[in-house]
Amino acid sequence: MTTSSLFKRVEKLLRFPSDYDFDDLLKILEAFGFELVNRKGSHNIFVLKNPLPDVNYGSDQITIPTVKGRRVKRGYLKRVAKTLNLEVWYEKQKLSKKG
């Protein structure tokens with residue numbers, strides 16, 4: 036995934052919509068080094084396999100439940116943003132685009 040498309044997905048996630056597409060979230064998590072290791076019903080378990088050197092992770096595992104297998108609720112988006120430290124990453128990317 037290109038940095039530009041990742042930036043756009045993260046930007047949308049950081050608006051914390053009431054629900055978010057699971058496939059977009061999956062791409063963000065994979066880009067940040069997480070891998071989907073288990074799926075139990077509506078719960079998707081991700082484990083950090085390839086950490087990025089400049090990201091300060093809050094955890095090495097995250098569980099994301101989905102609604103009807105396709106949508107992720109706002110509370111879990113906030114958890115992902117905190118775990119991946121997305122606000123900091125997003126601001127760094129914005130600054131590098133300007134400079």
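Quick note: the sequence shown uses the numbering used here, first residue 36, plus one each step. Glycine is no exception: its CB is placed at the ideal position from the N, C-alpha and C atoms.
Item, Value
"Between the alpha carbons of lysine 108 and valine 115, how many angstroms are there, rounded?", "11 Å"
"In terms of residue numbering, what span does the alpha helix (DSSP H) encompassing tyrosine 125 cover?", "121 to 133"
"Which residues share a DSSP beta bridge with aspartate 89?", "For aspartate 89, which the question treats as bridged, DSSP gives no partner whatsoever."
"Whole angstroms are fine: how far does the CA of glycine 76 sit from the CA of serine 94?", "23 Å"
"For arginine 50, which of helix, strand or coil comes out of DSSP?", "coil"
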